[in-house]
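In full-length UniProt numbering, the protein residues as written are 1 to 63.
Ideal placement from N, C-alpha and C gives every residue a C-beta, glycine not left out.
Note that this is a predicted model, so its numbers are computed, not measured.
A short write-up of the structure that comes next.
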């Protein structure tokens, strides 16, 4: 018997664009490819709405 949820589960959609920032473990911030902090790039924030990373899940086990 297959669990009910598996009838509706779908794979996550692939992103069509690359994220213009990466997580810097040393700074614990998202940084742009040129080294600037992503949160200070107002044009990027207007376009994406936010910058997200997995920083919380890497540093906090109760998330």
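Per DSSP, residue i is paired with what?
i          : result
residue 24 : 29
Could you tell me the alpha carbon to alpha carbon distance between residue i and residue j, rounded to whole angstroms?
i          : j          : result
residue 63 : residue 49 : A caution first: residue 63 carries a pLDDT of 45, below 50, which makes its placement in the model too unreliable to give a value.
residue 41 : residue 4  : 44 angstroms
residue 20 : residue 10 : 26 angstroms
residue 34 : residue 47 : 18 angstroms
residue 7  : residue 16 : 26 angstroms
residue 28 : residue 22 : 10 angstroms
residue 18 : residue 36 : 17 angstroms
residue 43 : residue 13 : 25 angstroms
Can you check whether the CB of residue j is closer than 8 angstroms to the CB of residue i?
i          : j          : result
residue 31 : residue 38 : yes
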